[in-house]
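Per numbering that gives the first Met the number 0, residue 0 is the first one in the sequence shown, and the count goes up by one each step. We treat Cβ as the ideally placed atom computed from N, Cα and C, and that holds for glycine. If you're wondering where the values come from, they're calculated on a predicted model, not measured in any experiment. Read through the structure below, which is laid out as structure tokens, and then see the notes.
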Amino acid sequence: MAWQGGKFHGGQRKKPVILLTLVFILAATCAALGMSLYGAKIAHNRLWQHLQEQELKITKMQQSMAEVKVEAVDSLTKNNDLISERDFYKQQQQSDSDALRERDGQVSELKSLLETAEARVAELERRLSNRQAEAHVLKKALDQYKHQIANLTQELDILRGRMKKAGIIQNAHSVSLHSASIGGGDAAGNGSGDETLKAFAAEQAKLVASEEEEEVGFNSTEVDIDNDDASIILDNPARKVVGATTAASDDNAPLRESLQRAKAKAEAAAATKANI
């Protein structure tokens with residue numbers, strides 16, 4: 000169609016339309032390709048940028064991993080050091096525990112020794128207290144005995160004065176000396192020396208009593224001194240006056256009783272002093 004006067008006429012009129020259509024299609028295709036290429040370029044740029052970012056991230060991650068690896072190595076080294084230090088402290092703690100147990104044993108032993116010592120000290124203090132109490136009692140008793148002895152000495156002095164006035168002390172002393180000489184000569188016999196001494200003392204006491212009859216105040220005819228009374232005179236020179244006066248007579252009863260009391264006190268004082 001052909002174009003003639005604004006109208007298509009036959010085949011000639013259809014050619015321009017086809018060409019225009021082809022051109023339009025070609026232009027559209029080019030535009031589409033251009034748009035596709037532009038889009039692909041943009042996508043390629045974005046992809047490349049993203050790839051670079053990812054590569055940068057990977058680089059940073061690798062650096063971080065290297066740093067972490069170094070830190071891990073350092074941490075592992077420090078961990079090993081800490082483990083070694085922990086083992087050292089464990090050993091030291093074990094040693095300290097052993098030493099502490101040993102010290103506890105020593106402390107227990109020292110406590111036991113201290114308790115024993117305290118018990119011993121308490122026992123010694125108790126004994127000391129008892130001894131002090133005993134010493135106090137003995138001191139009081141000794142003071143009493145000293146006082147009694149002083150009183151007895153005073154009484155004996157008074158009695159000696161009385162006996163001196165009666166003339167008995169000198170005669171009794173001569174009887175003691177003479178009797179001792181006789182007893183020494185007969186001591187090797189069968190006891191006859193003692194009997195002789197007793198008889199001689201009795202005779203001498205009777206003689207003294209008869210000579211001092213008027214001063215002493217008793218009757219010589221009633222004097223009866225046996226061997227037992229004479230033995231009192233011979234046993235102890237300190238008791239001669241007591242024995243002689245005891246055997247003299249019942250007429251001088253006050254003096255005799257005083258001498259007997261003095262004799263008993265002196266014997267008690269001597270026995271107590273011997274026990275102390």
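| request: Just mark M162 as buried or exposed, buried being the case when its beta carbon has 16 or more other beta carbons within 10 Å. | output: By the beta-carbon neighbour count (other beta carbons within 10 angstroms, threshold 16), M162 is buried.
| message | When you compare the CB positions of K264 and L151, do they come within less than 8 Å of one another, or not? | response | The answer is yes: Cβ separation under 8 Å.
| field | Buried or exposed (CB count within 10 angstroms, at least 16 for buried), L109 | value | So L109 counts as exposed.
| field | Rounded straight-line distance, which links the Cα of Q61 to that of S74 | value | Per the coordinates, the alpha-carbon of S74 lies some 19 Å from the alpha-carbon of Q61.
| task | Assign N235 to one of three DSSP states: helix, strand, or coil. | result | For N235, the predicted model reports a pLDDT of 42, less than 50, meaning its position is unreliable; a value from the coordinates is still stated below. Taken through DSSP and simplified to helix, strand or coil, N235 comes out as coil.
| Where T76 and K68 are concerned, what is the direct C-alpha to C-alpha distance, given to the nearest angstrom? | Using only the alpha carbons, I get a separation of about 12 Å.
| request: Within 10 angstroms of the Cβ of L18, are there 16 or more other Cβ atoms? Answer buried if so, exposed if not. | output: The residue is exposed, with fewer than 16 neighbouring Cβ atoms inside 10 Å.
| request: Evaluate L32 with the Cβ neighbour count: other Cβ atoms within 10 Å of its Cβ, from every protein chain shown; 16 or more gives buried, anything less gives exposed. | output: Burial call: exposed.
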